[in-house]
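J.: Below are the structure tokens for one structure; questions will follow.
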Amino acid sequence: MPRLACRQYGKTRQVTVPWAHSGSGFTQLFDAFVIALVRELLVNTVADMLGVGDGRVWRILPHYVEGARTHEDFSGVNGMPDLIWMPVWRKLTPDRIISGRGIS
Numbered sequence: 015m016p017r018l019a020c021r022q023y024g025k026t027r028q029v030t031v032p033w034a035h036s037g038s039g040f041t042q043l044f045d046a047f048v049i050a051l052v053r054e055l056l057v058n059t060v061a062d063m064l065g066v067g068d069g070r071v072w073r074i075l076p077h078y079v080e081g082a083r084t085h086e087d088f089s090g091v092n093g094m095p096d097l098i099w100m101p102v103w104r105k106l107t108p109d110r111i112i113s114g115r116g117i118s
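Our numbering applies: residue 15 is where the sequence shown begins, and numbers increase by one.
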């Protein structure tokens with residue numbers, strides 16, 4: 015993002031622009047690119063590819079994850095029926111795994 019140097023106070027400030035969220039340092043297009051990469055690659059790999067620290071990549075993610083979570087709607091989800099997961103759970107009890115019987 016563009017930075018302006020104030021001659022009167024000797025400070026440098028980052029300009030607020032409509033195509034980036036506050037304090038990001040990256041444009042929303044770059045953020046979208048990072049998110050697309052992170053969906054397929056490790057964060058450290060993405061950071062190395064882009065020449066930034068992994069902390070900068072990690073700081074991009076919460077902003078968009080929190081935004082997406084506000085739009086989640088699970089009102090139509092009733093859960094899994096007992097017939098699907100209960101029999102498998104009974105077969106995978108720790109005593110059967112330890113004794114070597116596993117799933118029959």
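Here a beta-carbon is modelled for each residue, glycine too, at the ideal position from N, C-alpha and C.
By DSSP, does ARG27 sit in helix, in strand, or in coil?
T.: Reduced to three states, the DSSP call for ARG27 is strand.
J.: Under a Cβ-count criterion, where at least 16 other Cβ atoms within 10 Å of its own Cβ denotes burial, should PHE40 be classed as buried or exposed?
T.: PHE40 is buried by the Cβ-count criterion.
J.: Does VAL71 pass the burial test, meaning 16 or more other C-beta atoms within 10 Å, or should it be called exposed?
T.: Looking at its Cβ environment, which holds 16 or more other Cβ atoms inside 10 Å, VAL71 is buried.
J.: Taking only three categories from DSSP, how would you classify LEU55?
T.: If DSSP states are grouped into helix, strand and coil, LEU55 belongs with coil.
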